[in-house]
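>
Residue numbers (the working numbering): 5 to 219.
1) Which same chain residues, not among the five before or five after residue 109, have their C-beta less than 8 Å away from its C-beta?
2) Opposite residue 164 in the DSSP bridges: which residues?
3) Counting only runs that start and end within the stretch 76 to 121, where is the alpha helix (DSSP H) found for 4 or more residues in a row?
4) Tell me whether residue 116 is buried or exposed, calling it buried when 16 or more other Cβ atoms sit within 10 Å of its Cβ.
5) Under DSSP, the alpha helix (DSSP H) around residue 175 begins and ends at which residues?
6) Would DSSP call residue 138 helix, strand or coil?
7) What number of angstroms, rounded off, separates the C-alpha of residue 182 from the C-alpha of residue 190?
8) To the nearest angstrom, how far is the alpha carbon of residue 199 from that of residue 165?
9) For the ligand ADP, is there any heavy atom lying closer than 7 Å to the beta carbon of residue 63?
10) Below 8 Å between beta carbons: does that hold for residue 71 and residue 33?
11) Using only CA atoms, which one of 143, 128 and 31 lies nearest to residue 184?
12) Would DSSP call residue 149 helix, strand or coil?
13) My understanding is that residue 29 touches residue 82, with C-beta atoms under 8 Å, so please give their C-beta distance in whole angstroms.
14) Any idea what DSSP makes of residue 156, helix, strand or coil?
15) If you run the structure through DSSP and keep just helix, strand and coil, what is residue 132?
16) So, under 8 Å CB-CB, residue 69 and residue 131 are touching, yes? Tell me the CB distance rounded to an integer number of Å.
17) Going by Cα to Cα distance, which pick from 100, 160 and 67 is closest to residue 56?
See the structure below:
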């Protein structure tokens with residue numbers, strides 16, 4: 005889906021330059037396939053092949069997610085205007101995608117993510133909803149990661165400038181339900197909650213991340 009930025013120095017330069025041809029994100033990420041598979045999913049929402057094609061085309065790395073759905077300003081052509089529709093499809097239309105594959109993709113995408121308005125904020129909501137529904141799949145997958153990756157995941161999961169009234173209860177419910185089987189993981193989550201829930205501002209820059217190696 006994406007070019008090798010290390011082997012192609014011009015690819016990295018193209019990310020910073022908007023000229024008369026526009027911001028050439030298509031040189032880095034195949035947005036045409038992403039748009040096509042979304043349209044095919046709309047036409048055939050219960051078809052496994054259509055669901056899987058869109059699922060595979062949807063970004064799996066935060067760098068790609070921001071390229072495709074970030075608000076980069078005028079003259080930069082990406083799919084910012086489609087972020088709500090695409091993230092909604094990822095959230096509610098992947099009914100035939102296996103839980104482990106689905107949760108692995110969301111966890112992978114969240115490692116190294118930074119909270120911002122628009123697409124990142126909406127993805128964070130989807131991540132939290134998935135955790136509520138599939139916690140018995142999510143937590144064991146997170147437990148396979150090293151401590152740094154777990155902290156990066158929970159940093160994004162809990163990041164918010166203002167702590168909402170329900171978030172303390174959400175944390176306590178998750179912690180108490182999982183600490184027996186996953187004490188080390190819950191202590192990492194607790195640290196992220198204490199440091200980033202209600203203390204994290206919106207970031208102006210985004211970064212790539214180390215991918216989750218779960219199958």
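Note that beta-carbon positions come from the ideal geometry of N, C-alpha and C, so glycine has one too.
Once the coordinates are examined:
1) In the chain shown, residue 109 corresponds to position 105, counting from 1. The beta carbon of residue 109 lies closer than 8 Å to those of 59, 62 and 64 in the same chain, with the five residues before and after it left out.
2) Taking the chain shown and counting its residues from 1, one reaches residue 164 at position 160. The partner list for residue 164 (beta bridge, DSSP) reads 201.
3) You should have 87 to 96 and 103 to 114.
4) Residue mapping note: residue 116 aligns to position 112 of the chain shown, counting from 1. Classification of residue 116: buried, given that the 10 Å Cβ count is 16 or more.
5) Counting from one through the chain shown, the residue named residue 175 turns up at place 171. From DSSP, the alpha helix (DSSP H) with residue 175 extends over 171 to 182.
6) Numbered from 1 along the chain shown, position 134 holds the residue referred to as residue 138. Residue 138 falls in the coil class under three-state DSSP.
7) Residue mapping note: residue 182 aligns to position 178 of the chain shown, counting from 1. Residue mapping note: residue 190 aligns to position 186 of the chain shown, counting from 1. Going by the C-alpha atoms only, they are around 7 Å apart.
8) For the purposes of this step, residue 199 is identified with residue 195 of the chain shown, where counting begins at 1. For the purposes of this step, residue 165 is identified with residue 161 of the chain shown, where counting begins at 1. Distance between the alpha carbons of residue 199 and residue 165: 11 Å.
9) In the structure on display, the ligand ADP does not appear, and there are no ligands present to speak of.
10) If you number the chain shown from 1, residue 71 lands on position 67. If you number the chain shown from 1, residue 33 lands on position 29. At the C-beta level, residue 71 and residue 33 come within 8 Å of one another.
11) Stepping through the chain shown from its first residue, residue 184 is reached at position 180. Out of 143, 128 and 31, the CA that lies nearest to the CA of residue 184 is found in 143.
12) As a first step, residue 149 must be located in the chain shown, where it is residue number 145. If DSSP states are grouped into helix, strand and coil, residue 149 belongs with coil.
13) Taking the chain shown and counting its residues from 1, the one referred to as residue 29 is at position 25. Taking the chain shown and counting its residues from 1, the one referred to as residue 82 is at position 78. Confirmed, Cβ separation roughly 5 Å.
14) Reading the chain shown from its first residue, position 152 is the one you call residue 156. If DSSP states are grouped into helix, strand and coil, residue 156 belongs with the helices.
15) Counting from 1 along the chain shown, the entry for residue 132 is found at position 128. Note: residue 132 maps to helix in three-state DSSP.
16) Position 65 of the chain shown, counting from 1, holds the residue named residue 69. Position 127 of the chain shown, counting from 1, holds the residue named residue 131. That pair is no contact at about 12 Å.
17) Your numbering for residue 56 matches position 52 in the chain shown. Put simply, of 100, 160 and 67 the residue whose alpha carbon is nearest the alpha carbon of residue 56 is 100.
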